[in-house]
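Protein chains in written order, with the working numbering: chain P, 1 to 601; chain F, 1001 to 1601.
Ideal Cβ positions, reconstructed from N, Cα and C, are used throughout, including at glycine.
Here is the structure we will look at, set down as structure tokens.
Spelled out as structure tokens, the structure:
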């Protein structure tokens, strides 16, 4: 039978008392972490979000009834205890903030009993994910998850605090909005008032924030949910949180500057990490050439080397063939892995193939200076030595080479570089390497669509110095786009937007949009652009991912209170679920499952 | 042709310069509010979100080319000007923050031209709502709307700031969640991965915030979007913003206390209003008896008086009949309206009828002390005098009486009271009368459903002192529920929740829920309740409405950036819209409009 807390008032959270309170009477409330009977005493670890506090029940203090009640306590009961703080009678527990004190109970109320939970509430639970997520309300009691969500709250607060002080206005944009045919798949919301019509949940507030710049709000900020109906991966959720901003009358440097100060403030205040600003910047081209990635992890070296010049006249057809096809040959030197066995190397080859490589060439620089290589027989000793030199290979290194189109070579070596770094334990989780990657290509050729596509979106501003190449060599035009990268993860990205009619029109032309199609898709933005647009630029962070990095979580689910699983369902609420026929009727909809369609046809 | 801002950097917003900057060179950017040619000079009012700044173009300073360019400027062009601050040459404009200075332009760039906008950008535009909302991006340039949205941003920031300092954690709850069969109509989101299944958009985070209390988060806060697919009224939007909180280990007083301090802080910092706390409290019963409303406007008196006792033996059948049917007779005294003409009184009768009255009795207390009354012939002079005394009527007052069931009497007189207050101009917009209304009835009888319904929701805690009446007189049981009322508007409300199994079970029984139905609807919450629930309570504010009050907006649309109109559509984006057949197929849906259904049947 649960008791009421009537007449009681909590005086402290569990760890808000300390040895300076010895002798004072407190009223504490929380969950029973565990109960131990020791001689004539009962010990309880009382838990709340602040931590643990030891409660002692002695029949002399709490009375016979109170003691009897204490004997019924089990894990996860919710209790209220009035008692005196005293120095701990037994040895001090150094692991606890309150390890040197305890409360000697004078009265006890059981506010709520508990069934035996399906798993014990403890840090770093080994319980299966399915069980944890079904009983998410219990899982969320775990101290590590509580720390994650408290930190997340703090990060959002710090961001808002900083942005407010910098003159940003938080403006809420609609959740029920219009479907945009490009981009990822929208979640749709049927309209009841207009049967047969649908709202879409926003994939980002992009168009709205640009409109707000047209409306003169100057500096916009919002932490908001975005939605993408994509096939889920481990690090994706159907709804995710974006920290989104847009600024008027600015260029690239202004955006980077305010964001560097934001990151410095947030990382310092949230997790005590000193971020040195200005942050390093690297062009997209350099990032690809040096790291084979547009989001390089710069916590370690093992950089890529272009050895095309060295091998262009060698006798190894794989290398020369790639060059003849307009590709390149590049390599990395993996320190201390010259002695890697054939089987292990084969695994690397398999990995390379998942990134599109046809194979992987290797060269071991033995400690004695001799070489062992998959392609030794095709090259002279001099050629091999030149190759080692070009790759900066040292005795003991394993050199790995990819030869293909640049895109494949980068992807393969970028992935191998990361793979080997993990194997060599080079990734220090307590090192925070931020990096701006800038000057992304404006366009990306799509073989599928047989046209250039906007790499970022059609409103991204080209770099002035490249604009004259837009007809002759569109692929060479760089954009005023930038990503912020942390330890090899893209934390966010953005761009300067086009505010000039003529450039925007040309962009649509290059992208193969008819005027009609452009207006059909972006009509209200293009219409707004007719009435005075300020130069503007913006950036958006993935908040979930940022917090995940801060707490070193393995899964994005560990920084979201009520996440969904891979099939986009919630194991706790069992959403999505069925609805009444009447509800569908009101929406002018009928269910028509694919199976039925097949049968009819 | 739009120019780039390359090489320029804005130094100030328009009103960030003042007479202390005279002589210094500034770079300002913004929109042309208007252009005037005066002799050999051109004057521009430059506008940004901070206000207006006068720019002067003199050919001697800006050069012939610059001057020629300035001559092309029209309203809403976006320009960048470099120039020197000087004392205003003409008379000081007292209405402008920068009214004593101007910028003498040295160079001009036109960053963006503008078509002639469909309406002039000005304060308190008289433009039709349809045009304003279609061109919302222009409407949002109006200084009054900009002030509203900037204030809204500030209010949200202040709330978060206060809540963070009070130990509340902001936790995001899901937007894609489960449909709840009770309450208002849900917006549904079809699932692609599970065709035929649907998510629902949350009507409030109620269940999630209670789960978070079960999970030990202690103090939860969130400013978040909620969704209701209801027929729209002027003050409703399909998506609206709630400032939502929940606290553990608390009772009514704790919730009221923290919210009083929150309101005091926010109203002071946002609009400079001093809120005296503790706020007055009134029970629901008193509010109904005295004001005929559960959200009384206490800025003026004109209170209701129960005259049942006075009239119970009179000869007026309308009065005695109402009493015999278990109702009451109540009246208000409208000051100075004794001379109201018959036609006007008839209008009041019509108004009364819209609130369910069969009629309205009146009595004019003439200045000479005589009476004129619709029911004089049924009463003695003494009875009339007693009635006037009971209503505290004074010479010159118009007394209005309603006789019916309490519910109708309250509704009628409550509405008349407000109506007359508006007519008498008693509503001072600069007076902020806050009021807690407490001790709401737990249950409300529904004739429609022929059962008691939860007035708040099924988890609302009954008052301990009434609980023994739950079987004998359920309607008399009061709840630990409270609303915060400002000037006759409900700003928010909440309750203490049930945390005891036995009370919860009984509640479901009284509400006519089978155990199966309760579990079907609230299963995951009831399941969570099995594992140790802390006593908890919460409250939620309608943020849109709060801001609306602060800025004295006539419409809720004036405090929302991109609102929808009555049919839940957005005139700017034209959402909702049609979608591809392919998208519906993926969702396992087909459109089946009501017309088609009718034809088939």
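By a beta-carbon distance limit of 8 Å, residue 1475 of chain F does not contact residue 1537 of chain F. Their separation comes to about 23 Å. Think of a sphere of 7 Å around the beta carbon of residue 211 of chain P: the chain F residues whose beta carbon falls inside it are 1137, in chain order. Residues of chain F with a Cβ closer than 8 Å to the Cβ of residue 188 of chain P are, in chain order, 1189, 1190, 1579, 1583 and 1587. In this structure residue 464 of chain P is not in contact with residue 1034 of chain F, their Cβ atoms being roughly 32 Å apart against a cut-off of 8 Å.
Cβ neighbours of residue 1229 of chain F within its own chain (closer than 6 Å, five residues either side excluded): 1185 and 1187. Listed as beta-bridge partners of residue 190 of chain P by DSSP are P/198. Using a Cβ distance threshold of 8 Å, residue 1212 of chain F and residue 1170 of chain F do not count as a contacting pair. In the assembly as shown, residue 36 of chain P is an exposed residue. Its beta-carbon has fewer than 16 other beta-carbons within 10 Å. Around the beta carbon of residue 1139 of chain F, 16 or more other beta carbons sit within 10 angstroms, so the residue counts as buried.
With distances taken between CA atoms, residue 1338 of chain F lies nearest to F/1369 out of F/1359, F/1369 and F/1316.
The Cβ-Cβ distance between residue 442 of chain P and residue 332 of chain P does not fall below 8 Å. Residue environment for residue 567 of chain P: exposed (fewer than 16 other C-beta atoms within 10 angstroms of its C-beta). DSSP, reduced to helix, strand and coil, places residue 317 of chain P within a helical segment of the structure shown. Under a 10 Å Cβ-count criterion, residue 191 of chain P is classified as buried, with 16 or more other Cβ atoms of the shown protein chains found around its own Cβ. Annotation for residue 277 of chain P: no alpha helix (DSSP H) segment contains it, and DSSP assigns it neither H nor E. Annotation note: the segment 1100-1180 of chain F contains the following uninterrupted alpha helix (DSSP H) runs of length 4 or greater, listed N- to C-terminal: 1129-1134, 1136-1139 and 1143-1165.
Going by beta carbons, residue 1203 of chain F and residue 1168 of chain F fall outside the 8 Å limit. One thing to note: residue 66 of chain P has its Cβ no nearer than 8 Å to the Cβ of residue 297 of chain P.
About 19 Å separates the beta carbons of residue 1307 of chain F and residue 1356 of chain F, which is beyond the 8 Å limit, so they are not a contact pair. Here the segment 102-115 of chain P makes contact with the segment 51-64 of chain P; the two share three or more CB pairs at distances below 8 Å. With at least 16 other beta carbons inside 10 angstroms of its own, residue 1153 of chain F counts as buried.
The Cβ-Cβ distance between residue 535 of chain P and residue 208 of chain P does not fall below 8 Å. In this structure, the alpha-carbon of residue 158 of chain P lies about 9 Å from that of residue 267 of chain P.
No Cβ-Cβ contact shorter than 8 Å links residue 1047 of chain F with residue 1029 of chain F. Around the C-beta of residue 1499 of chain F, 16 or more other C-beta atoms lie within 10 Å, and the residue is accordingly described as buried. Flagged as an interface residue toward chain P: residue 1078 of chain F, by a C-beta distance shorter than 8 Å. With at least 16 other beta carbons inside 10 angstroms of its own, residue 175 of chain P counts as buried.
Taking a cut-off of 8 Å on C-beta distances, the segment 1070-1086 of chain F touches the segment 1114-1122 of chain F, as three or more cross pairs fall below it. According to DSSP, residue 1325 of chain F shares a beta bridge with no other residue. Per DSSP, reduced to three states, the secondary structure at residue 206 of chain P is helical.
Along the segment 24-103 of chain P, the alpha helix (DSSP H) occurs as fully enclosed runs of 4 or more residues at 59-71, listed in sequence order.
Around residue 33 of chain P, no beta-carbon contact reaches into chain F at under 8 Å, the shortest distance being about 11 Å. No Cβ of chain P is located within less than 8 Å of the beta carbon of residue 1125 of chain F. Within the segment 1328-1402 of chain F, the complete alpha helix (DSSP H) runs of at least 4 residues fall at 1342-1354 and 1381-1390. Around the Cβ of residue 1317 of chain F, a 10 Å sphere holds fewer than 16 other Cβ atoms; the residue is exposed. Contact between the segment 577-597 of chain P and the segment 251-263 of chain P is absent, with fewer than three C-beta pairs closer than 8 Å.
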